[in-house]
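Okay, so here's the structure we're looking at.
Residue numbers (this note's numbering): 1 to 272.
Take a look at the structure:
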């Protein structure tokens, strides 16, 4: 936008303006979650409309990117949880989207393996730089993965959550939805999900929702949407935002299964 004086960021976020060029971007990553240093996506909020749209532009690819775990060493415990869950969610959605490809799936499987191994270690010792290093690597891989694939239901439904309540970290919102999202998509992406989830479920999946809830709980991620201050009275608003926020329709269209309004409502309601 610096290269386009006189044009508001809101126009960009609402798909009303498409820049022809940008100044060079140097991305210095401070978390092991977003993967933004590797791809052409960005997210911002339009607070007065409760919108949290994602935009994708070739002009947003960084010229240079730096991932240094030393810059992430002061991440507090909860933020460490939330950003790592964001990276895993990127991998899960990239590997299960409608147009997933072998490259994205391979990167996503590696991301999941690294998260399962190093997530518990970093929670035990926030100064464990080996764990920080490999979680940063996992986030990088996931960022490349969804840049070559897509995100879908989890992110589509989370953005309205942290748009309505901006104090809710994105990764925490994703964690509250993940069991229900996987319950919906699992029958349509069983093979890849079985492979990605095998390290945390050696005995086979009988209830994917329970398995994911138990795993999240073991990492201190026990919150529901109710814990975050939402009630059944908020579900209609959340559903409306899914269908009015610019860009979310493209994520829903990438789901491995068609997502109806009733399905969106059920995911939110069951996540309370």
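Glycine included, each C-beta is placed from N, C-alpha and C at the ideal position.
As the structure is a prediction and not an experimental result, all values here were calculated from the model.
Going by C-alpha positions, residue 227 is about 31 Å away from residue 137. Our two residues, residue 67 and residue 33, have alpha carbons roughly 11 Å apart in a direct line.
Short of 6 Å from the beta carbon of residue 255, and not among the five residues preceding or following it, lie these beta carbons of its own chain, in chain order: 152 and 153.
Taking each of 58, 197, 30 and 31 in turn and checking the Cα distance to residue 23, the smallest one comes out for 58. By the Cβ test, the region 166-175 is in contact with the region 215-224, since at least three Cβ pairs between them sit closer than 8 Å. Residue 43 carries a strand assignment under DSSP once its states are collapsed to helix, strand and coil. Residue 29 has 67 as its beta-bridge partners, per DSSP. Following the DSSP letters along the chain, one finds residue 239 inside the alpha helix (DSSP H) bounded by residues 235-244. Only buried fits residue 96, as 16 or more other CB atoms lie within 10 angstroms of its CB. Secondary structure of residue 257 (DSSP, three-state): coil. Annotated three-state conformation of residue 268 is helix, per DSSP. When 135, 186 and 272 are compared, the shortest CA-CA separation from residue 123 is found for 135.
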